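J.: Can you read through this structure? Questions will come right after.
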Amino acid sequence: MKQKGTERSHQNGHGREIQQYGTVVNRPISLDAKVRQSNCEKLNQILADSMTLRDMYKKHHWQVFGPTFYQLHLLFDKHFAEQVELVDALAERIQTLGGVAIAMAPDVAETTRIPRPPRGREGVNVQLFRLLEAHEMIIAATREAAEAADENGDQGTNDLLVSEVLRTNEFQVWFITEQMAGTAIDEGQGESAGVPELAGAGRGRH
Ligand SMILES: [Fe+2]
C-alpha cells in the first residue's frame with residue numbers, strides 16, 4: 003500500500019524517479035559502470051558523513067559558550083563553510099560518475115555513521131571531541147576510498163579525495179586538537195571532564 007503523500011505527489015505528476023539511488027547511468031568517461039558504481043557508493047558514505055559533520059559545526063557554532071566562545075564561534079563557522087564546499091564537490095563527483103548523490107536530511111541521518119549528538123547543548127570539550135571523532139571517521143573512509151579509486155583507475159575521484167577531502171579534514175583536525183591542548187581531554191582524562199560516553203573514542207585507534 004502506498005503512503006498517502008506518495009499517491010498525492012504521483013497524481014500531481016511529481017515524485018516519479020527517473021534514476022534510483024544506488025544506480026549509475028552511462029557516462030562516456032572511459033570508466034566501467036562497475037568502477038563508477040563502486041566509487042559512488044564510497045563517495046555517498048563520505049558525503050553523508052561530511053553533511054553530518056557540516057551540520058555539527060553549525061550546531062556547535064550556535065551552542066558554544068564560555069571563555070573561548072568568540073574564537074570557537076568563528077572557527078566552527080569557518081570549518082562549516084569549508085565542509086559546505088567539500089559536500090558540494092563530493093555530490094557533484096557522484097553525479098559526474100553517473101550516480102545519485104544523497105541529499106535530504108532523513109536519508110543522510112539513516113546513512114551516516116557519526117553518532118547523533120543530543121539536541122541540547124554540550125560542554126566545549128565534548129563539542130571538540132565529537133568533531134574530532136567525526137573527522138577521524140571521515141579521514142579513515144577517505145583514505146580507503148582514495149586508495150580504491152587509485153587501484154580501479156578513477157584518478158579524478160582519487161584526486162578529489164586526497165587533494166580536497168583528506169587535506170581539508172586533516173587541516174581542520176590540526177586546529178581542533180591545538181584548541182584542546184592542555185585540557186582534560188588532551189591528557190586522556192575524558193571521564194573527569196564529564197564526557198564518559200565519549201572517552202577513548204577517536205583516540206589512539208591506529
Ligand atoms: Fe552565524
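To convert, count from 1 in the sequence shown and add 2; that's this note's numbering.
C-beta atoms are modelled at their ideal positions from N, C-alpha and C, and glycine is treated no differently.
Since the structure is predicted, the reported quantities are computational estimates derived from the model, not experimental observations.
Around ligand 1, which residues pass a check of Cβ closer than 6 Å to any of its heavy atoms?
T.: Ordered along the chain, the selected set is 63, 79.
J.: Could you tell me which of 21, 155, 79, 119 sits nearest to residue 136, measuring between CA atoms?
T.: The residue labelled residue 136 in the question sits at position 134 within the sequence shown. Residue 119 is the option with its Cα nearest to residue 136.
J.: State yes or no: is the C-beta of residue 162 within less than 8 Å of the C-beta of residue 91?
T.: What you label residue 162 is simply residue 160 of the sequence shown in a count that begins at 1. What you label residue 91 is simply residue 89 of the sequence shown in a count that begins at 1. Going by C-beta atoms, residue 162 is nearer than 8 Å to residue 91.
J.: Between 139, 155, 184, 145, which has its C-alpha nearest residue 127's C-alpha?
T.: Here residue 127 corresponds to residue number 125 of the sequence shown, with the count starting at 1. Comparing Cα positions, the closest option is 184.
J.: How big is the Cα-Cα spacing for residue 125 and residue 31?
T.: Counting from one through the sequence shown, the residue named residue 125 turns up at place 123. Counting from one through the sequence shown, the residue named residue 31 turns up at place 29. Those two C-alpha atoms are separated by around 48 Å.
J.: Closer than 8 Å by C-beta to residue 143: which residues in its own chain qualify, once you throw out the five before and the five after it? Chain order, please.
T.: In the sequence shown, the residue the question calls residue 143 occupies position 141. Within the same chain, residue 143 has close Cβ partners 44, 47, 48, 51.
J.: Could you tell me the boundaries of the alpha helix (DSSP H) in which residue 154 lies?
T.: Along the sequence shown, read from residue 1 onward, the residue named residue 154 stands at position 152. Per DSSP, residue 154 belongs to no alpha helix (DSSP H) and is neither H nor E.
J.: With C-beta atoms as the reference, is residue 81 less than 8 Å away from residue 59?
T.: Stepping through the sequence shown from its first residue, residue 81 is reached at position 79. Stepping through the sequence shown from its first residue, residue 59 is reached at position 57. For residue 81 and residue 59, yes; Cβs fall inside 8 Å.
J.: For residue 95, does the three-state DSSP call read helix, strand or coil?
T.: Position 93 of the sequence shown, counting from 1, holds the residue named residue 95. DSSP places residue 95 in helix when its eight states are reduced to three.
J.: For residue 39, which of 83, 97, 85, 70 has the nearest alpha-carbon?
T.: Within the sequence shown, the letter at position 37 stands for residue 39. Taking only the C-alpha atoms, the option nearest residue 39 is 97.
J.: Straight-line CA distance for residue 123 to residue 69?
T.: For the purposes of this step, residue 123 is taken as the residue at position 121 of the sequence shown. For the purposes of this step, residue 69 is taken as the residue at position 67 of the sequence shown. Their backbone Cα atoms lie some 16 Å apart in a straight line.
J.: What residue ranges within the stretch 114–185 form continuous alpha helix (DSSP H) runs of no fewer than 4 residues, ordered along the chain?
T.: As far as the stretch 114–185 is concerned, its whole alpha helix (DSSP H) runs of at least 4 residues are 126–153, 157–161, 169–181.
J.: Figure out for me which residue from 173, 62, 100 has the closest Cα to the Cα of residue 23.
T.: To locate residue 23, count along the sequence shown from 1; it is residue 21. Nearest option by C-alpha distance: 100.
J.: For the alpha helix (DSSP H) containing residue 45, list its first residue and its last residue.
T.: To locate residue 45, count along the sequence shown from 1; it is residue 43. Run containing residue 45: 35–65, per the alpha helix (DSSP H) assignment.
J.: Can you give the Cα-Cα distance for residue 178 and residue 66, rounded to whole angstroms?
T.: Reading the sequence shown from its first residue, position 176 is the one you call residue 178. Reading the sequence shown from its first residue, position 64 is the one you call residue 66. Taking the straight line from one Cα to the other gives about 14 Å.
J.: Can you tell me which of the three DSSP states residue 19 falls into?
T.: Position 17 of the sequence shown, counted from the start, is the residue given in the question as residue 19. Residue 19 falls in the coil class under three-state DSSP.
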